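**Student:**
Numbering (my numbering), first residue to last: 23 to 243.
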């Protein structure tokens with residue numbers, strides 16, 4: 023199978039699952055360093071997994087986002103609210119147009135490498151809170167990318183309609199060790215266990231019937 027795709031790889035559960043599932047199509051994985059609280063820990067996971075799988079990995083700096091954009095995700099652990107995505111204040115974690123910026127950079131890189139597609143691991147649980155994860159955004163952004171490149175680079179986002187639990191179930195079938203991934207929005211040495219991403223991570227692993235060996239600070243207290 024032709025390796026014709028670039029994967030935006032955060033180092034979290036969703037994009038790592040996509041890497042494992044579609045590894046035969048992925049020529050390059052790209053992680054963006056944009057200054058989020060958990061960026062460094064996720065990026066380390068992404069690099070480690072790519073080394074294990076023999077996939078080329080690039081870390082691309084987008085430091086201007088952390089410098090100029092406003093979001094709790096860019097403002098330190100204390101700015102991250104506790105609670106699930108159903109709580110309105112989780113919207114504080116939105117980084118304005120984050121995926122739009124990353125996809126634009128990835129698109130140019132893909133065309134430069136002669137690749138046909140940019141893969142993004144957005145999923146159904148993101149739609150309520152994050153505008154640049156929704157199907158209509160993905161469709162519009164893909165059309166813009168195809169129109170703006172000579173080789174018509176598009177987006178492939180096969181997890182768009184899935185829940186995180188369903189993605190974890192795919193990972194279970196693939197035998198993925200999720201202890202190699204990182205999720206916590208607070209960015210600590212261990213997962214806090216109380217922020218929305220930690221809660222979602224725990225629920226997804228439970229749904230998929232995967233033993234959760236994540237170390238949560240909440241459980242240590």
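By construction, the Cβ of each residue, glycine as well, lies at the ideal position given by its N, Cα and C atoms.
Please read all numbers here as calculations on a predicted model, not as lab measurements.
Taking the alpha-carbon of residue 181 as reference, which of 23, 41, 24 and 200 has the nearest alpha-carbon?
**Tutor:** Ranking the options by Cα distance to residue 181, first place goes to 41.
**Student:** Report the rounded CA-to-CA distance for residue 117 versus residue 231, giving the unit in angstroms.
**Tutor:** The straight-line gap from Cα to Cα measures roughly 32 angstroms.
**Student:** So the candidates are 224, 83, 212 and 216; which of them puts its Cα closest to the Cα of residue 237?
**Tutor:** Comparing Cα positions, the closest option is 212.
**Student:** Between residue 246 and residue 175, what straight-line distance do the alpha-carbon atoms span, to the nearest angstrom?
**Tutor:** Nothing can be reported for residue 246, as the shown portion of the chain is limited to 23 through 243.
**Student:** Going by C-alpha to C-alpha distance, which of 168, 233, 54 and 197 sits closest to residue 127?
**Tutor:** Measuring from the Cα of residue 127, the nearest candidate turns out to be 54.
**Student:** Within its chain, find whatever has a CB closer than 6 angstroms to the CB of residue 138; leave out the 5 residues flanking it on each side and keep chain order.
**Tutor:** Once the five neighbours on either side are set aside, the close Cβ partners of residue 138 are 26.
**Student:** Taking 7 angstroms as the limit between beta carbons, can you name the residues of its chain near residue 192, skipping five residues before and five after?
**Tutor:** If we look at residue 192 and ignore the five residues flanking it on each side, its Cβ neighbours are 39 and 43.
**Student:** Going by other Cβ atoms of all chains shown within 10 Å of its Cβ, with 16 needed for buried, is residue 86 buried or exposed?
**Tutor:** Looking at its Cβ environment, which holds fewer than 16 other Cβ atoms inside 10 Å, residue 86 is exposed.
**Student:** Report yes or no: do three or more beta-carbon pairs, one from the region 196 to 214 and one from the region 64 to 74, lie closer than 8 angstroms?
**Tutor:** With a cut-off of 8 angstroms, the region 64 to 74 and the region 196 to 214 count as touching, because enough Cβ pairs lie within range.
**Student:** Around the C-beta of residue 164, are 16 or more other C-beta atoms found within 10 angstroms, so that it is buried, or is it exposed?
**Tutor:** Buried, by the Cβ-count rule.
**Student:** Given this structure, state the Cα-to-Cα distance separating residue 91 from residue 97, to the nearest angstrom.
**Tutor:** Going from the Cα of residue 91 to the Cα of residue 97 covers about 10 angstroms.
**Student:** Can you list the beta strand (DSSP E) stretches of 3 or more residues lying completely in the region 139 to 224, in chain order?
**Tutor:** Taking only runs of at least 3 residues, the beta strand (DSSP E) segments lying wholly in the region 139 to 224 are 139 to 141 and 176 to 178.
**Student:** Compute the Euclidean distance between the alpha carbons of residue 189 and residue 24, then round it to the nearest angstrom.
**Tutor:** Near 24 angstroms, if we compare the C-alpha coordinates of residue 24 and residue 189.
**Student:** Report, in whole angstroms, the separation of the C-beta atoms of residue 217 and residue 104, which I expect to be a contact under 8 angstroms.
**Tutor:** Indeed, because the Cβ distance is near 6 angstroms, the residues count as touching under 8 angstroms.
**Student:** Opposite residue 30 in the DSSP bridges: which residues?
**Tutor:** The partner list for residue 30 (beta bridge, DSSP) reads 52.
**Student:** Spatial neighbours of residue 32 within its chain, please: C-beta separation below 7 angstroms, excluding the five flanking residues on both sides.
**Tutor:** Excluding sequence neighbours, residue 32 sits near 53, 64 and 68.
**Student:** Mind reading off the beta-carbon distance from residue 141 to residue 28? Whole number of angstroms is fine, and I expect it under 8 angstroms.
**Tutor:** Yes, residue 141 and residue 28 are in contact; Cβ-Cβ is about 7 angstroms, under 8 angstroms.
**Student:** Please state whether the Cβ-Cβ distance between residue 114 and residue 101 is less than 9 angstroms.
**Tutor:** Their beta carbons are under 9 angstroms apart, which means residue 114 touches residue 101 by this criterion.
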